[in-house]
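For the sequence shown, position 82 matches number 82 in the UniProt record's numbering, and the numbering has no gaps at all. For each residue, glycine too, the CB sits at the ideal point set by N, CA and C. Have a look at the structure below before the remarks.
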Amino acid sequence: MSAPSTPADHAVMRRVADVCGDEADILALSVARFVAAGYMTSDVACWNAAFDGAEQLLGPAEGCRFVACVVAIIRALRAERDDDWSFMPASCCRVTGHECALVNLINRGRQRLWADLEEAAAAITGRETAPRLVAAVRAAVGPLDAAAERLAPAARPGGVVLH
Numbered sequence: 001m002s003a004p005s006t007p008a009d010h011a012v013m014r015r016v017a018d019v020c021g022d023e024a025d026i027l028a029l030s031v032a033r034f035v036a037a038g039y040m041t042s043d044v045a046c047w048n049a050a051f052d053g054a055e056q057l058l059g060p061a062e063g064c065r066f067v068a069c070v071v072a073i074i075r076a077l078r079a080e081r082d083d084d085w086s087f088m089p090a091s092c093c094r095v096t097g098h099e100c101a102l103v104n105l106i107n108r109g110r111q112r113l114w115a116d117l118e119e120a121a122a123a124i125t126g127r128e129t130a131p132r133l134v135a136a137v138r139a140a141v142g143p144l145d146a147a148a149e150r151l152a153p154a155a156r157p158g159g160v161v162l163h
């Protein structure tokens, strides 16, 4: 996993608000970024930040479940993808192409487009199939949808949104 380092990378990068469909997508991307940073730096503080943020927004039980699901997706991605993966810091408003692919993959699952999910998982890993990644995304659908409902702007005090 790597972080983009050239100004040209930033010039063509899309914004989080343009890629993520709802607050659950934004939270999942943020958690994925913290987890990826933890893998890159071997610093547990990154993982703690992921848990702290999710627990603050979703509560201790639901927040932990949410993070666990995103961790499972990242672990599956690491296991089934041989190439590097680029990501931005958790608070960055820009999204790498790899992160766009990850959000798209998660949304295939959330939309229950199972054949599309299998194709997207194969594409993102560069393999013919990616069964572990497909299984991780499928298992995450319920917690992601529950988070989306809880984080919907209408459900949040004052209509506060994450982006």
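Sorting Ile73, Gly109, Asp22 by C-alpha distance to the C-alpha of Arg132 places Ile73 at the top. Inter-segment contact for the stretch 27-34 and the stretch 80-89 is present: three or more beta-carbon pairs are separated by less than 8 Å.
Taking 8 Å as the cut-off, the beta carbon of Ala147 is found closer than this to the beta carbon of Leu58. Rounded to the nearest angstrom, the gap between the Cα atoms of Leu144 and Met40 is 25 Å. The beta carbon of Cys93 is closer than 6 Å to those of Arg15, Val16 in its chain, skipping five residues each way along the sequence.
DSSP, reduced to helix, strand and coil, places Val12 outside both helices and strands of the structure shown, so it counts as coil.
The beta carbons of Ala49 and Phe34 sit closer together than 8 Å.
Here the alpha carbons of Ala36 and Asn104 stand approximately 18 Å from one another.
In its chain, beyond the 5 residues on either side, Glu80, Ala121, Ala122 have a beta carbon closer than 6 Å to the beta carbon of Ala130. Residue pairing of Arg94 in beta bridges, as defined by DSSP: Arg15.
Excluding sequence positions up to five before and after Gln56, its CB lies within less than 8 Å of the CB of Gly63, all in the same chain and listed in chain order. In this structure, the alpha-carbon of Gly126 lies about 12 Å from that of Ala101.
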